[in-house]
Amino acid sequence: DGGITQSPKYLFRKEGQNVTLSCEQNLNHDAMYWYRQDPGQGLRLIYYSQIVNDFQKGDIAEGYSVSREKKESFPLTVTSAQKNPTAFYLCASMDRPRGAEAFFGQGTRLTVV
Amino acid sequence: GNSVTQMEGPVTLSEEAFLTINCTYTATGYPSLFWYVQYPGEGLQLLLKATKADDKGSNKGFEATYRKETTSFHLEKGSVQVSDSAVYFCALSGGGGSEKLVFGKGMKLTVNP
Numbered sequence: 052d053g054g055i056t057q058s059p060k061y062l063f064r065k066e067g068q069n070v071t072l073s074c075e076q077n078l079n080h081d082a083m084y085w086y087r088q089d090p091g092q093g094l095r096l097i098y099y100s101q102i103v104n105d106f107q108k109g110d111i112a113e114g115y116s117v118s119r120e121k122k123e124s125f126p127l128t129v130t131s132a133q134k135n136p137t138a139f140y141l142c143a144s145m146d147r148p149r150g151a152e153a154f155f156g157q158g159t160r161l162t163v164v
Numbered sequence: 552g553n554s555v556t557q558m559e560g561p562v563t564l565s566e567e568a569f570l571t572i573n574c575t576y577t578a579t580g581y582p583s584l585f586w587y588v589q590y591p592g593e594g595l596q597l598l599l600k601a602t603k604a605d606d607k608g609s610n611k612g613f614e615a616t617y618r619k620e621t622t623s624f625h626l627e628k629g630s631v632q633v634s635d636s637a638v639y640f641c642a643l644s645g646g647g648g649s650e651k652l653v654f655g656k657g658m659k660l661t662v663n664p
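Note that the protein sequences, when read in sequence, are chains L and U. Going by our numbering, the first residue of the first sequence is number 52, and it counts up by one from there. Going by our numbering, the first residue of the second sequence is number 552, and it counts up by one from there.
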């Protein structure tokens, strides 16, 4: 079955640690996105990538990094520079033709302990 | 840049009540418009979409019409059910050549029996 998979579902990070959230899709989509969701804030765009080996900052990229070495994979690293990382993180992929829908993973809930 | 403004709620309705969730957008060109729904602890899934002016998207009794003259894409359902309880997001993509997928803040709907 085609789809988009995020792992892990829950992640705990100690202060000062970097952590990497996985996002894999087998939909053959060119575009992939990372969003952060906080209560009352909706979805805020962290990074997005339209093609392999290329990505752009979204609205809240500080303290995050990404890579896009393969079409299927778009991992997000939450670095120690991100001062308030506790949130629900959502990955999405989308085909490039106009009007295509985005497909979302089930999300990763990151908590700083 | 492109943006979406929607009713934020939370909203509580009784079963079989009429639902309207307002959504307006700011974008250059001709964006595609979407409504996504999120059930607790899950990612988002597409509810309906419209890709050009005067198009009506519909699914599961929900409807929304792309109104370019008022830059709106309001979501309606004539008779809500308990199973419609979720968070609803209005979104757009592709306006003015931008490939960002931009979301409103979301509205939590609770439907009581």
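The beta carbon of each residue, even a glycine, is placed where N, CA and C say it ideally should be. Here the structure is a predicted model, which means the values were calculated and not measured.
- A residue is called buried once 16 or more other Cβ atoms fall within 10 Å of its Cβ, and Tyr86/L is buried on that count.
- For Thr71/L and Thr621/U, the gap between their C-alpha atoms comes out near 42 angstroms.
- Residue environment: Gln107/L is assigned as exposed (fewer than 16 neighbouring CB atoms within 10 Å of its CB, all protein chains considered).
- In the DSSP assignment, Thr128/L falls within the beta strand (DSSP E) that extends over Leu127 to Val129.
- Counting only Cβ-Cβ distances below 7 angstroms, Gln157/L has contacts in chain U at Glu593 and Gly594, in chain order.
- Runs of beta strand (DSSP E) with 3 or more residues, each lying fully within the stretch 592-618 of chain U, are found at 595-601, 607-610 and 613-616, listed in chain order.
- In this structure, the alpha-carbon of Val117/L lies about 14 angstroms from that of Gln133/L.
- Residue state for Asp635/U is assigned as helix, using DSSP reduced to three classes.
- Flagged as an interface residue toward chain L: Lys651/U, by a C-beta distance shorter than 9 angstroms.
- Taking 9 angstroms as the cut-off, the beta carbon of Ser634/U is found no closer than this to the beta carbon of Met145/L.
- When secondary structure is reduced to three states using DSSP, Gly657/U falls in the coil class, being assigned neither helix nor strand.
- Interface criterion met: the Cβ of Gly109/L is under 9 angstroms from a Cβ in chain U.
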